[in-house]
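Enquirer: Take this structure, written in structure tokens, and hold onto it; I'll ask about it next.
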Amino acid sequence: MNKGEMRTAILAAKKEKGMTWEQMAAAAGLSVEYVVSACLGMNHLEPENAGPLCAVLGLDNEVAATLGEFPNKKWDQIVPTDPVIYRLYEIVGVYGETIKEVIHEKFGDGIMSAIDYKMTIEKEENPAGDRVVLTLNGKFLPYKSW
């Protein structure tokens, strides 16, 4: 089984069982955001997390084993057309240099880690319309001189 087949099996089981990502993350004992990324094939789960997740979904050991495989973190190199993903792409296109400038001014020359990293997605209720609160929390990695 490859990561694409795993993703299809997980999404089908999620739909069939009527489960939420939060329920699945609770079974795995990890954050919703990380479990979703693993189920979609962009991260991996340790056996102690993959086993309980597959159990609640009624999926076999082959899916659990594939969840444990290290992924190829490559995506299509085209402009995304899904509206949610495109909006994030647009945000980085419009504000990417601003983000970079502010990071450099506050931290120095370096980057934000996507390895020593966590992300949270929250809903903020607002009378003018509910808001999406997306937090990207990564360790600062300074460039070194040599």
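Residue numbering for the sequence shown follows numbering that gives the first Met the number 0, starting at 0 and increasing by one per position. Cβ coordinates follow ideal geometry from the N, Cα and C atoms, glycine included. Nothing here was measured: the structure is a model prediction, and the numbers come from that model.
1) Using the Cβ count rule (16 or more neighbours within 10 Å means buried), how would you classify residue 65?
2) Kindly list the residues whose CB is nearer than 7 Å to the CB of residue 112, restricted to its own chain and excluding five residues on each side of it in sequence; keep chain order.
3) Starting from residue 48, follow the beta strand (DSSP E) in both directions and report where the run begins and ends.
4) Could you name the residues of the same chain whose beta carbon sits closer than 7 Å to that of residue 5, not counting the 5 residues immediately before and after it, in chain order?
5) CA-CA distance, residue 134 and residue 37?
6) Are the CB atoms of residue 110 and residue 142 nearer to each other than 9 Å?
7) Assign residue 99 to one of two classes, buried (16 or more other C-beta atoms within 10 Å of its C-beta) or exposed (fewer than that).
Expert: According to the structure data:
1) Indexing the sequence shown from 1 puts residue 65 at position 66. Flag for residue 65 reads buried.
2) Locating residue 112 in the sequence shown gives position 113, counting from the first residue. So the list reads 137, 138 and 140, once near-sequence residues are dropped.
3) Residue mapping note: residue 48 aligns to position 49 of the sequence shown, counting from 1. Segment 46–56 is the alpha helix (DSSP H) holding residue 48; no beta strand (DSSP E) there.
4) Counting from 1 along the sequence shown, the entry for residue 5 is found at position 6. Cβ within range, chain order: 40, 62, 65 and 66.
5) Position 135 of the sequence shown, counting from 1, holds the residue named residue 134. Position 38 of the sequence shown, counting from 1, holds the residue named residue 37. Going from the Cα of residue 134 to the Cα of residue 37 covers about 19 Å.
6) The residue given as residue 110 occupies position 111 in the sequence shown. The residue given as residue 142 occupies position 143 in the sequence shown. Against a cut-off of 9 Å, the Cβ pair of residue 142 and residue 110 comes out as a contact.
7) Position 100 of the sequence shown holds residue 99. Exposed, by the Cβ-count rule.
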